[in-house]
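Same order as they appear, the protein sequences are chains U and X.
Take 4 as the starting number for the first sequence in this note's numbering and just add one per residue.
Take 4 as the starting number for the second sequence in this note's numbering and just add one per residue.
Number of protein chains: 2
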Amino acid sequence: MRCIVSGMLVWERPEPPNRPVPAPLNRERIVRAAIQLADADGLEAVSLRKVATVLGVGPMRLYNYIAGKEELLDLMVDAVHAEIRPVGDDWREVLRSLAETTRQAAHEHEWLADLLGGRPQLGPHALARGEAVVAALGGVEVDDVMPVVTAVDAYVIGAVRREIAERRAERATGMDEKRWQASLGPYLERTFATGRFPALATVVRDAAHLDADHTFRIGLDFLLDGIEARISR
Amino acid sequence: MRCIVSGMLVWERPEPPNRPVPAPLNRERIVRAAIQLADADGLEAVSLRKVATVLGVGPMRLYNYIAGKEELLDLMVDAVHAEIRPVGDDWREVLRSLAETTRQAAHEHEWLADLLGGRPQLGPHALARGEAVVAALGGVEVDDVMPVVTAVDAYVIGAVRREIAERRAERATGMDEKRWQASLGPYLERTFATGRFPALATVVRDAAHLDADHTFRIGLDFLLDGIEARISR
DNA sequence: TACTGACCGATACACTGTATCGGTCGATGC
DNA sequence: GCATCGACCGATACAGTGTATCGGTCAGTA
Numbered sequence: 004m005r006c007i008v009s010g011m012l013v014w015e016r017p018e019p020p021n022r023p024v025p026a027p028l029n030r031e032r033i034v035r036a037a038i039q040l041a042d043a044d045g046l047e048a049v050s051l052r053k054v055a056t057v058l059g060v061g062p063m064r065l066y067n068y069i070a071g072k073e074e075l076l077d078l079m080v081d082a083v084h085a086e087i088r089p090v091g092d093d094w095r096e097v098l099r100s101l102a103e104t105t106r107q108a109a110h111e112h113e114w115l116a117d118l119l120g121g122r123p124q125l126g127p128h129a130l131a132r133g134e135a136v137v138a139a140l141g142g143v144e145v146d147d148v149m150p151v152v153t154a155v156d157a158y159v160i161g162a163v164r165r166e167i168a169e170r171r172a173e174r175a176t177g178m179d180e181k182r183w184q185a186s187l188g189p190y191l192e193r194t195f196a197t198g199r200f201p202a203l204a205t206v207v208r209d210a211a212h213l214d215a216d217h218t219f220r221i222g223l224d225f226l227l228d229g230i231e232a233r234i235s236r
Numbered sequence: 004m005r006c007i008v009s010g011m012l013v014w015e016r017p018e019p020p021n022r023p024v025p026a027p028l029n030r031e032r033i034v035r036a037a038i039q040l041a042d043a044d045g046l047e048a049v050s051l052r053k054v055a056t057v058l059g060v061g062p063m064r065l066y067n068y069i070a071g072k073e074e075l076l077d078l079m080v081d082a083v084h085a086e087i088r089p090v091g092d093d094w095r096e097v098l099r100s101l102a103e104t105t106r107q108a109a110h111e112h113e114w115l116a117d118l119l120g121g122r123p124q125l126g127p128h129a130l131a132r133g134e135a136v137v138a139a140l141g142g143v144e145v146d147d148v149m150p151v152v153t154a155v156d157a158y159v160i161g162a163v164r165r166e167i168a169e170r171r172a173e174r175a176t177g178m179d180e181k182r183w184q185a186s187l188g189p190y191l192e193r194t195f196a197t198g199r200f201p202a203l204a205t206v207v208r209d210a211a212h213l214d215a216d217h218t219f220r221i222g223l224d225f226l227l228d229g230i231e232a233r234i235s236r
């Protein structure tokens, strides 16, 4: 039913507002916008409303492409998985590459640390990553493949989360490592001064401190060594 | 300045409403209530308002005890750390116990998987856990302690996250493993039928499937084996 | 007895994800 | 060419969130 009030002549009737050409939309565009927001201001800056605003679109329009926010997050993670393509000649190189590239992706998209491992990854890019890994692990016994990949994934997820969490905490107290020690140091100093954690205090104070890179690689070496021992058995 | 309107006699003036005795409050009570909510309905069921309601208190009252929601979450995690006290005779038993008890805690409090590794753990119970671990690792070279514990922690965090995520996904499709295969199975079947993931398809279809317990333990064994090789070097 | 400072919680604000639904437009059938 | 239909867009609405503000009430103190 046309709704032009017939009693109103054209001259009085205002033109319909200059409708902006509806922005062409698709999942990729939506996900890119969301990732941009997350890269800039963290995951909590990603809201359907903000994403829609960036795209010049009403919030509800997004629901034609995604079922809800959770799906958007899943799509974001899957999109990043497209960047993760481990390479290497033997299984050890492949697994190391898998770990390092994942970590690197998390450095470029810190919000990944919040999402990794949080939901099963079954998107096309995640599966493609899995395919690449498994294919490159041709020499490994079939029954060993899943446990090995799963273990490396688990280590990487946890290590990256810890690392990013620490980095954020540092940043929150003022960017420098100087100030970090100036704010957390005193807290730990005071706490250790109570004498309730003698062994811990000794280790923290006396042991060599490793930077994030070394810490990640040492743990990874532990794991790969252990895998090697069982794989070639 | 007393606000009793002097023109109004007692007989007309209503009694002040029977103020409920202000509920005695402290952090422990708040944290317990929050954990109860999270155990029952997941982390997203924890809101300051609901916690306050459970305690029979106005929401803003909580801010006398915590600075914001993040702090509440930190306190929840720290409270659970009180349950984690690894035991064992040699370093390997201690680390295995650390991993298993952490995993068990995450089974009792699934929301822990969402929080683990998300922020540095510096609360008293987390430190006490650290102290217990380090103390039990007396035989290990001082410079090796941190890398080793950090690696095990990283693995556990990631493995537990993955495991809980999968469990939730199963539950979301209907409780049974039967229905899980009936819903995810077809999706993977269809996807593999495209032929885009041949190696992955082979492994998923042909390799032996491990349950969650075995998967966790195998990965942990990999890691501990690797640690053993480097520690006694 | 008067006062003062702590503190409680009602109210308010800006924001979230999402259900609903009237209105508009393009495509389709006659 | 016209009428009709169905898809879809987005304004509006709703329930819920974390938290800032602030007036009113009370207990303790001078």
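Every residue gets a Cβ at the ideal spot worked out from N, C-alpha and C, and that includes glycine.
Using the Cα positions of L101 of chain X and I160 of chain X, report the straight-line distance between them to the nearest angstrom. Going by the C-alpha atoms only, they are around 12 Å apart.
Count the other C-beta atoms from every protein chain shown that fall within 10 angstroms of the C-beta of V83 of chain X, then say buried if there are 16 or more, exposed otherwise. By the 16-neighbour rule on beta-carbons within 10 angstroms, V83 of chain X is buried.
Looking at the C-beta of I87 of chain X, does it have a partner C-beta in chain U at a distance below 8 Å? Chain U, which has no Cβ nearer than 8 Å to the Cβ of I87 of chain X, makes this no.
Is it true that the CB of A154 of chain U sits closer than 8 Å to the CB of I221 of chain X? The answer is yes: Cβ separation under 8 Å.
Taking the straight line between their C-alpha atoms, what separation do you get for P127 of chain X and V54 of chain U? Near 40 Å, if we compare the C-alpha coordinates of V54 of chain U and P127 of chain X.
Check whether the Cβ atoms of L58 of chain X and A48 of chain X lie closer than 8 Å to each other. Not in contact: L58 of chain X and A48 of chain X (Cβ atoms no closer than 8 Å).
Short of 8 Å in beta carbon distance, which residues of its chain neighbour D147 of chain X, apart from the five on each side in sequence? Order them along the chain. For D147 of chain X, same chain residues with a beta-carbon under 8 Å away, outside a window of 5 residues either side, are R233 and I234 in chain order.
State yes or no: is the C-beta of Y99 of chain X within less than 8 Å of the C-beta of L223 of chain X? The sequence shown places Arg at residue 99 of chain X, rather than the Tyr named in the question. Yes, they are a contact pair.
Buried or exposed: which applies to T105 of chain X, given that a residue is buried once 16 or more other Cβ atoms fall within 10 Å of its Cβ? Buried, because 16 or more other Cβ atoms sit within 10 Å of the Cβ of T105 of chain X.
To be precise: take each residue of the region 215–227 of chain X, compare its Cβ to all Cβ atoms of chain U, and keep it if any distance is under 9 Å. Which residues remain? Result list: H217, T218, F219, I221, G222, L223, D224, F225, L226 and L227.
Close-in-space but distant-in-sequence residues of the same chain around I69 of chain U (CB under 8 Å, 5 per side omitted): Closer than 8 Å at Cβ, skipping near neighbours: R30, I33, L75 and L78.
Assigned secondary structure, R164 of chain X (DSSP; H/G/I helix, E/B strand, else coil): Shown here, R164 of chain X sits in a helix according to DSSP, grouped into three states.
Would you mind reading off the limits of the alpha helix (DSSP H) that contains Q124 of chain X? Counting along the chain, Q124 of chain X falls outside any alpha helix (DSSP H), and DSSP gives it neither H nor E.
Give me the Cα-Cα distance between T194 of chain X and D81 of chain X, rounded to the nearest whole angstrom. Each residue's Cα considered, the two are about 42 Å apart.
Considering only heavy atoms of the ligand MG, does any lie closer than 7 Å to the CB of Y158 of chain U? Judged by which ligands are present, the structure shown has none, so any question about the ligand MG falls away.
CA-CA distance, A36 of chain U and E111 of chain U? Rounded to the nearest angstrom, the two C-alpha atoms are 16 Å apart.
P123 of chain U at chain X interface by Cβ criterion, 8 Å: With 8 Å as the cut-off, P123 of chain U counts as an interface residue toward chain X.
For E134 of chain U, return the contacting residues in chain X, with the cut-off set at a CB-CB distance below 7 Å. Near E134 of chain U (Cβ distances below 7 Å), the residues of chain X are F200, A202 and L203.
Near-chain U residues of the region 140–152 of chain X - C-beta to any C-beta below 7 Å: When CB distances to chain U are screened at a threshold of 7 Å, the residues of the region 140–152 of chain X falling below it are V145, D146, V148, M149 and P150, in chain order.
Distance, A162 of chain X Cα to F219 of chain X Cα: Their backbone Cα atoms lie some 7 Å apart in a straight line.
Since E231 of chain U contacts R64 of chain U with CB under 8 Å, what's their CB separation in whole angstroms? With 8 Å as the limit, E231 of chain U and R64 of chain U do not qualify as a contact, their Cβ atoms being about 52 Å apart.
Would you mind working out which of U:T205, U:A210 and U:A139 sits nearest G91 of chain U, comparing C-alpha positions? It is U:A139.
Taking the C-alpha atoms as reference points, what is the distance between V143 of chain X and A202 of chain U? When rounded, the distance between both Cα atoms is 12 Å.
Could you compute how far the alpha carbon of V60 of chain U sits from the alpha carbon of A43 of chain U? Near 20 Å, if we compare the C-alpha coordinates of A43 of chain U and V60 of chain U.
Run down chain X in chain order and give the residues with a C-beta less than 7 Å from the C-beta of E169 of chain U. In chain order: P123.
Output the distance between the C-alpha atoms of A85 of chain U and P62 of chain X, rounded to the nearest integer angstrom. When rounded, the distance between both Cα atoms is 44 Å.
Output yes if chain U places a C-beta closer than 8 Å to the C-beta of G10 of chain X; else output no. With a pLDDT of 45 at G10 of chain X, under the threshold of 50, the modelled position of this residue cannot be trusted; read the value that follows with caution. So no, G10 of chain X is outside the interface.
Closer than 8 Å, CB to CB, is D156 of chain U near chain X or not? D156 of chain U counts as touching chain X.
Using beta-carbon positions only, say whether A215 of chain X and Y158 of chain U come within less than 8 Å of one another. In this structure, Y158 of chain U does not lie closer than 8 Å to A215 of chain X by Cβ.
Beta-carbon of V80 of chain X versus every beta-carbon of chain U: anything under 8 Å? False, the Cβ-Cβ gap to chain U never drops below 8 Å.
Just the C-alpha distance for V152 of chain U and Q124 of chain U, rounded to the nearest angstrom, thanks. CA-CA distance, V152 of chain U to Q124 of chain U, rounds to 14 Å.
Which residues in the same chain as R45 of chain U place their Cβ atom closer than 8 Å to its Cβ, once the five residues preceding and following it in sequence are excluded? The displayed chain sequence assigns Gly, not Arg, to residue 45 of chain U. E113 and W114.
Exposed or buried, E192 of chain X, counting other C-beta atoms within 10 Å across all chains shown (16 or more means buried)? The residue is exposed, with fewer than 16 neighbouring Cβ atoms inside 10 Å.
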